[in-house]
Amino acid sequence: MSTQTSDNFSAFASLHRYFALIESDKPTPQQAAIAVSQLPLVYGAVNEDDLMKRGGPELIQMYTDIKNKILNAAK
721 MSTQTSDNFS AFASLHRYFA LIESDKPTPQ QAAIAVSQLP LVYGAVNEDD LMKRGGPELI
781 QMYTDIKNKI LNAAK
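Every position in the sequence shown, counted from 1, becomes a number in this note's numbering once 720 is added.
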């Protein structure tokens, strides 16, 4: 398994755990920040800036919607 594939899978697993957490508990702002930092990796980007530069409008909208859901859960 390549390093990038491993990183993408790890990011997906982290986000899965985060969304499981918000079903039963309120996440902390720190947990939300970590989840947001992992989100671009799921899309194959290095970070949010990279995703915004390379992603199409639909991908960017999907990313933004999920990011907002992550952050709103910690409010």
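Backbone N, C-alpha and C fix where the C-beta goes; we use that ideal spot for every residue, glycine too.
Predicted model only: the values in this text are computed from it and were never measured.
- Listed in chain order, the non-local C-beta contacts of Tyr-763 below 8 Å within the same chain comprise Leu-771, Gly-775, Leu-779 and Tyr-783, local neighbours out to five positions each way being set aside.
- The three-state reading of DSSP puts Tyr-763 in coil, since its state is none of H, G, I, E or B.
- Ala-733 is classed as exposed because its beta carbon has fewer than 16 other beta carbons within 10 Å across all chains shown.
- With a 10 Å radius around the Cβ and a threshold of 16 neighbouring Cβ atoms, Gln-751 comes out buried.
- For Arg-737, the closest C-alpha among the options Ala-794, Ser-726, Pro-777 and Ala-755 is that of Ala-755.
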